[in-house]
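S.K.:
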DNA sequence: CTAGGGTTACTC
DNA sequence: GAGTAACCCTAG
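In the numbering used here, the protein residues as written are 226 to 636.
Structure (structure tokens):
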């Protein structure tokens, strides 16, 4: 199971749209240790932390820490990694240039801390992050202490923009090199294996292996090509268009991966727990559930539509079973058709969960209504704020419930 | 997250 | 069937 834990953790960390994931907390909570098979998980975690920093618009010394950790994980340093580190270090120093002269404020402290201690340590250890560009910056910043003109020039330049551009570029490259997450790769392999098994009469496993090999090789080649192309345009210090392109490919990839992953997880669940294909439990039904040949009452057209929408996975079979059972009881000569069991909806985030049953109706208490009136007086129609202001009273109400109740009250 | 239309379950 | 309250769905 530990492998699955790692896969799921890696998958969650790499979901850029999930703001609740904190890689550091997640890894420490799961206690994966330092085993070598955690490599993808660790790299993903560092990249995700970097990505979150950029989303928050924060480029600070924590970013330098992350870039140094990334160097330890990926000893082959790319140009964008070096540049990102260099410009981030420059930005971390330049941000202390808010006074008009170097002697005021904390500029010299930052110079000491970042360049003499931190980067000095890197030089001693022979880090690949130390390059010509970094050394040039070091010289310029040291000069700035004595030379007001150099100080002023650096102070007025937009170091932050370039740092963010390189960090964005680095992230894009690193995600591409990392390829699909372990979980997505496994889902893709399962998907291709099944597809090959369905389509070919020959040796399905050979075909699946070939397809998988081709897919993986294509992914790696594409990533490498893209990285090389990017290196060719290393001097372009701009992020225009990159973000959009990245988002678009993420969305398409997410959609495909989510579908395949869902199939794969259903399959895992069937394999792990065959009893998981449980029957529907009716609250007042004390008799044997193993058979059910009673046709479902069809109260109205809309009810049927609703029911089939809520149970879209099982509805075709169930409808057929019900109809056949009712219409052919005679021909079955007393044999009863076992009712097909209903698969349990897999509530696996971030896949969309299958619609849950309707909540039981709960009438509003006078206390709740009063709290809602007071809340609207205080916060207006900010249902979330009203709920948060009265968590105990509205423990069993959603923001939408509050909105609906208010709509009823003002009618 | 919110607004607004739709659905469900219930009463008259 | 109309009216109502609570709940659901989905666009923006």
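From the three backbone atoms N, C-alpha and C, an ideal C-beta is built for every residue, glycine too.
Quick check on this structure: which residue in 236, 371, 337 and 388 has the alpha carbon closest to the alpha carbon of residue 292?
M.R.: Nearest C-alpha to residue 292: 388.
S.K.: Kindly list the residues whose CB is nearer than 8 Å to the CB of residue 309, restricted to its own chain and excluding five residues on each side of it in sequence; keep chain order.
M.R.: For residue 309, where only same-chain residues beyond five positions count, the Cβ hits under 8 Å are 292, 388, 391, 392, 394 and 395.
S.K.: Since I believe residue 311 is in contact with residue 353 (beta carbons under 8 Å), could you give me their beta-carbon distance rounded to a whole number of angstroms?
M.R.: Residue 353 to residue 311, Cβ: 12 Å. No contact.
S.K.: Pick out whichever of 264, 319 and 412 has its Cα sitting closest to the Cα of residue 378.
M.R.: For residue 378, the nearest C-alpha among the options comes from 319.
S.K.: Are the segment 296 to 304 and the segment 259 to 278 in contact at 8 Å, needing three or more beta carbon pairs?
M.R.: Flag = yes, the segment 296 to 304 and the segment 259 to 278 touch.
S.K.: In this structure, does DSSP put residue 415 in helix, strand or coil?
M.R.: Residue 415 falls in the helix class under three-state DSSP.
S.K.: Based on Cα-Cα distance, which residue from 303, 231, 289 and 584 lies nearest to residue 409?
M.R.: The shortest Cα separation from residue 409 among 303, 231, 289 and 584 belongs to 231.
S.K.: Throw me the rounded Cβ distance for the residue 400 and residue 363 pair, which I believe falls under 8 Å.
M.R.: So it is not a contact: roughly 30 Å between Cβ atoms.
S.K.: Hey, how far is the Cα of residue 385 from the Cα of residue 610?
M.R.: Looking at the two C-alpha atoms, the distance is approximately 36 Å.
S.K.: Let me know if residue 359 comes out buried or exposed under the rule of 16 or more other beta-carbons within 10 Å of its beta-carbon.
M.R.: Buried.
S.K.: Could you check if residue 590 is buried or exposed, using at least 16 other CB atoms within 10 Å of its CB as the buried criterion?
M.R.: Exposed, by the Cβ-count rule.
S.K.: Are residue 270 and residue 302 touching if we call contact CB-CB under 8 Å?
M.R.: No, these two residues do not count as a Cβ contact at 8 Å.
S.K.: Nearest-angstrom Cα distance between residue 599 and residue 586?
M.R.: Those two C-alpha atoms are separated by around 24 Å.
S.K.: Cutting at 6 Å between CB atoms, please list the residues of its own chain near residue 596, excluding the five before and the five after it.
M.R.: Only 615 and 618 meet the Cβ criterion.
S.K.: Can you tell me where the alpha helix (DSSP H) holding residue 357 begins and where it ends?
M.R.: Per DSSP, residue 357 belongs to the alpha helix (DSSP H) from 357 to 371.
S.K.: Taking 8 Å as the threshold (C-beta atoms), are residue 624 and residue 606 in contact?
M.R.: The answer is no: Cβ separation not under 8 Å.
S.K.: Specify the secondary structure class of residue 332 as computed by DSSP and reduced to three states.
M.R.: Helix.
S.K.: Beta-carbon separation of residue 407 and residue 603 under 8 Å?
M.R.: In this structure, residue 603 does not lie closer than 8 Å to residue 407 by Cβ.
S.K.: For a minimum of 4 consecutive residues, which ranges assigned as the alpha helix (DSSP H) are wholly contained in the segment 303 to 350?
M.R.: 304 to 319, 332 to 335 and 344 to 350, all fully within the segment 303 to 350.
S.K.: For the alpha helix (DSSP H) containing residue 612, name the first residue and the last one.
M.R.: Counting along the chain, the alpha helix (DSSP H) containing residue 612 begins and ends at 608 to 614.
S.K.: Where does residue 236 fall in DSSP's three states?
M.R.: DSSP places residue 236 in helix when its eight states are reduced to three.
S.K.: When DSSP labels each residue in this structure, what does residue 600 get in the three-state scheme?
M.R.: Residue 600 falls in the helix class under three-state DSSP.
S.K.: Sorted by chain position, which residues of the same chain lie with C-beta nearer than 6 Å to residue 315's C-beta, five sequence neighbours on each side aside?
M.R.: Once the five neighbours on either side are set aside, the close Cβ partners of residue 315 are 362 and 384.
S.K.: What does a CB cutoff of less than 6 Å around residue 622 pick up in its chain, not counting 5 residues either side in sequence?
M.R.: Cβ within range, chain order: n/a, list empty.
S.K.: Alpha carbons only, please: which of 304, 333 and 593 is nearest the one belonging to residue 317?
M.R.: Ranking 304, 333 and 593 by Cα distance to residue 317 puts 333 first.
S.K.: Reducing DSSP to helix, strand and coil, say where residue 264 ends up.
M.R.: In the structure shown, residue 264 sits in a helix (DSSP, three-state: H, G or I).
S.K.: Since I believe residue 327 is in contact with residue 370 (beta carbons under 8 Å), could you give me their beta-carbon distance rounded to a whole number of angstroms?
M.R.: Yes, residue 370 and residue 327 are in contact; Cβ-Cβ is about 5 Å, under 8 Å.
S.K.: What is the DSSP secondary structure of residue 590, reduced to helix, strand or coil?
M.R.: Of the three classes helix, strand and coil, the one that applies to residue 590 here is coil, per DSSP.
S.K.: Report the CB separation of residue 398 from residue 305 in whole angstroms; it is logged as a contact under 8 Å.
M.R.: That belief holds up - the Cβ atoms of residue 398 and residue 305 are roughly 6 Å apart, short of 8 Å.
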